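Enquirer: When we follow the working numbering, the leftmost residue of the sequence shown carries the number 278, and every step to the right adds one.
Note that beta-carbon positions come from the ideal geometry of N, C-alpha and C, so glycine has one too.
Being a predicted model, the structure only gives us computed values, none of them experimental.
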Amino acid sequence: MSAKPIVAATDGSEEALRAVDWAAREAVLRGAPLRIVAAPGLLPRMADTEDPSQYPNVSETIRQNTDIALTAAAERAAKAAPDLLIDTDHLEGGPADAVTESASGALMLVVGSRGVGAFTAMILGSVSRYAATHASSPVVVVREEIAAARRQVGIGIGDLQGNAAALTFAFEEAALRKASLVAVNAWHTPETDISRAGLTSAGQKYLEDEATRQLAELLSDWQAKYPDVPVSHEVVRGHPGRILSGLSARADLVVLGRHPAHHGPAGVIHAVLNHAHGPIVTVPSS
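1. In angstroms, rounded to a whole number, what distance separates the CA positions of S509 and E337?
2. Suppose you measure from the CA of S562 to the CA of A380; what does that come to, to the nearest Å?
3. What did DSSP end up calling V461 once you bin it into helix, strand or coil?
4. Once you ignore the five residues that flank Q429 on each side, which residues in its own chain have a CB closer than 7 Å to its CB?
5. Whose C-alpha, out of G555, S414, V512 and A447, is nearest the C-alpha of D486?
6. Output the boundary residues of the alpha helix (DSSP H) element that contains T445.
7. Among R340, L306, S390 and L362, which one has its Cα closest to the Cα of E291?
8. Alpha carbons only, please: which of L361, A350, I345 and T343 is nearest the one belonging to L306?
9. Helix, strand or coil for I400 per DSSP?
10. Residues in its own chain within less than 7 Å of A409 by CB, not counting five upstream and five downstream?
11. With a Cβ-Cβ cutoff of 8 Å, do V387 and I283 count as a contact?
12. Terminal residues of the continuous beta strand (DSSP E) containing T559?
13. Could you check whether the Cβ of D486 sits closer than 7 Å to any heavy atom belonging to the ligand GTP?
14. To the nearest angstrom, how far is the alpha carbon of V531 from that of A463?
15. Can you tell me where the beta strand (DSSP E) with G389 in it begins and where it stops?
16. DSSP beta-bridge partners for R312?
17. From S403, D436 and A375, pick the residue whose C-alpha is nearest to that of A316; which is it?
18. Can you tell me which of the three DSSP states A324 falls into?
19. Let me check understanding here. Comparing Cα to Cα, which of K356, E378, P372 and V314 lies closest to L347?
20. Spatial neighbours of H554 within its chain, please: C-beta separation below 6 Å, excluding the five flanking residues on both sides.
21. Straight-line CA distance for P310 to Y407?
22. What whole-angstrom Cβ distance do F448 and W499 have, given they're in contact under 8 Å?
23. For R307, does the three-state DSSP call read helix, strand or coil?
24. Could you give the first and the last residue of the continuous alpha helix (DSSP H) run that contains V430?
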C-alpha cells in the first residue's frame, strides 16, 4: 500500500463527483488512501448589521455549501470503493493556488473539467488548467464518463528525447491496468513552412521515417523494464492537440509530459484538455 494519497478536488458539481469516482477507483488500484479537498472562493460580507450573528454571511454560506460538497464526495467515493480510506479537507486561499498546492507530496491530483453553472464552470475550468500546468505531482483532468475500460493507455511524445517521468507514469499505469500502451508523436508543419524550407514529398517521408526510428528506439528501453506491457507507436502528421484529443477517444487515459510553465508546450496541453473525450494526465518533468 502506498503511504502517499491521491488527492481529488470537488465543488459539488457532477463533473467533480465523476472525478472523485475516478480517483477512488485509482486509489484502490494503487492501494493508496484518498484525500478529498475543496477550496471555495470566499466572498466578503455583503451587508453590515447591528447584530451580524443573527444572519449567515456569504462566507458562512459558502463554507456550509463546501461542507455539503465534501460530504457528498466522500459518500460517492465510499460507494465506489467501500474499503477505501477517505479523508476530507477544507483548503484556504485562492482556489487555483490552494488546489494546486494540495498536490504536494501526493501520488496525483484529480480534478473535474467544469463546475456548477456558467460562472463556476469558468472558475473551476481555470483552476483545472492552472493545476494541470503548475502542480508538482501528476494532474488528471477527468472529462466525460467512460462507459467501459478499453485496456489502453496513450502517451503523447512531443520531444523524442523523451520525458522520463511521463514515460514511467504511462508504463506503470498500463501495467497496473493490464493494458497496452500506444505512444504517439504528432508533428505539425504549416504548408508555408514546408514550401519555404523546400521540403519535397521524399524529404517529408524521410523525416517521418527518422521520427519513427527515434520513437521506437526511445521506447525499447522502457519495453525492457515493462516486458508484460504490449507497446505500439505511431508518428502522425497533424496538430498535436487534435491528434492527442482523438487518441483520448480510444484510450482509458492519455499521458502528457510537461516542463516548467515557462518552458513547456502549454498550448498543446490546453488544446487537449479543452477537447479530450476522457481523462488526461499531465506529468511534470523530473
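Expert: In this structure, then:
1. Here residue 509 is taken as the residue at index 232 of the sequence shown, counted from 1. Here residue 337 is taken as the residue at index 60 of the sequence shown, counted from 1. Pairing S509 with E337, the inter-Cα distance amounts to about 53 Å.
2. The residue given as residue 562 occupies position 285 in the sequence shown. The residue given as residue 380 occupies position 103 in the sequence shown. The alpha-carbon atoms of S562 and A380 are separated by roughly 15 Å.
3. As a working note, residue 461 is residue 184 in the sequence shown. DSSP places V461 within a strand segment (E or B) once states are collapsed to three.
4. Counting from one through the sequence shown, the residue named residue 429 turns up at place 152. Once the five neighbours on either side are set aside, the close Cβ partners of Q429 are A456, S457, V459, R527, A528 and D529.
5. On the sequence shown, residue 486 is found 209 positions in, with the first residue counted as 1. Minimum Cα distance to D486 is reached at V512.
6. Walking along the sequence shown from the start, residue 445 turns up at place 168. Note, T445: alpha helix (DSSP H), A441 to R454.
7. By one-based count along the sequence shown, residue 291 stands at place 14. Comparing Cα-Cα distances from E291 to each of R340, L306, S390 and L362, the minimum goes to S390.
8. For the purposes of this step, residue 306 is taken as residue 29 along the sequence shown, with counting starting at 1. Of the candidates L361, A350, I345 and T343, the one whose C-alpha sits nearest the C-alpha of L306 is L361.
9. Counting from 1 along the sequence shown, the entry for residue 400 is found at position 123. Legend: pLDDT at I400 = 44, less than 50; position of this residue unreliable, no value from coordinates given.
10. Translated into the one-based positions of the sequence shown, residue 409 becomes position 132. These residues qualify, in order along the chain: V416, V418, I546, L550 and T559.
11. Here residue 387 refers to the residue found at position 110 of the sequence shown. Here residue 283 refers to the residue found at position 6 of the sequence shown. In contact: V387 and I283 (Cβ atoms closer than 8 Å).
12. Position 282 of the sequence shown, counted from the start, is the residue given in the question as residue 559. Its beta strand (DSSP E) spans residues I557 to P561.
13. Only the bare structure without any ligand can be found here, which leaves the ligand GTP out of the picture.
14. The residue given as residue 531 occupies position 254 in the sequence shown. The residue given as residue 463 occupies position 186 in the sequence shown. Roughly 14 Å separates the two Cα atoms.
15. Walking along the sequence shown from the start, residue 389 turns up at place 112. Note, G389: beta strand (DSSP E), M385 to G389.
16. As a first step, residue 312 is located in the sequence shown; it is residue number 35 there, counting from the start. Note: R312 sits in a beta bridge opposite V284 and D364.
17. Start at 1 with the first residue of the sequence shown, and residue 316 comes out as number 39. Among S403, D436 and A375, the Cα nearest to that of A316 is on A375.
18. By one-based count along the sequence shown, residue 324 stands at place 47. Per-residue confidence for A324 stands at a pLDDT of 45, beneath the threshold of 50, marking its modelled position as unreliable; no derived number is given.
19. Stepping through the sequence shown from its first residue, residue 347 is reached at position 70. Per the Cα distances, V314.
20. Indexing the sequence shown from 1 puts residue 554 at position 277. Excluding positions up to five away in sequence, the list reads E421, S525 and A526.
21. For this step, residue 310 is matched to residue 33 along the sequence shown. For this step, residue 407 is matched to residue 130 along the sequence shown. Those two C-alpha atoms are separated by around 24 Å.
22. Taking the sequence shown and counting its residues from 1, one reaches residue 448 at position 171. Taking the sequence shown and counting its residues from 1, one reaches residue 499 at position 222. F448 to W499, Cβ: 5 Å. Contact.
23. To locate residue 307, count along the sequence shown from 1; it is residue 30. It is helical.
24. The sequence position of residue 430 within the sequence shown is 153, counting from 1. Counting along the chain, V430 falls outside any alpha helix (DSSP H), though it belongs to the beta strand (DSSP E) covering Q429 to G433.
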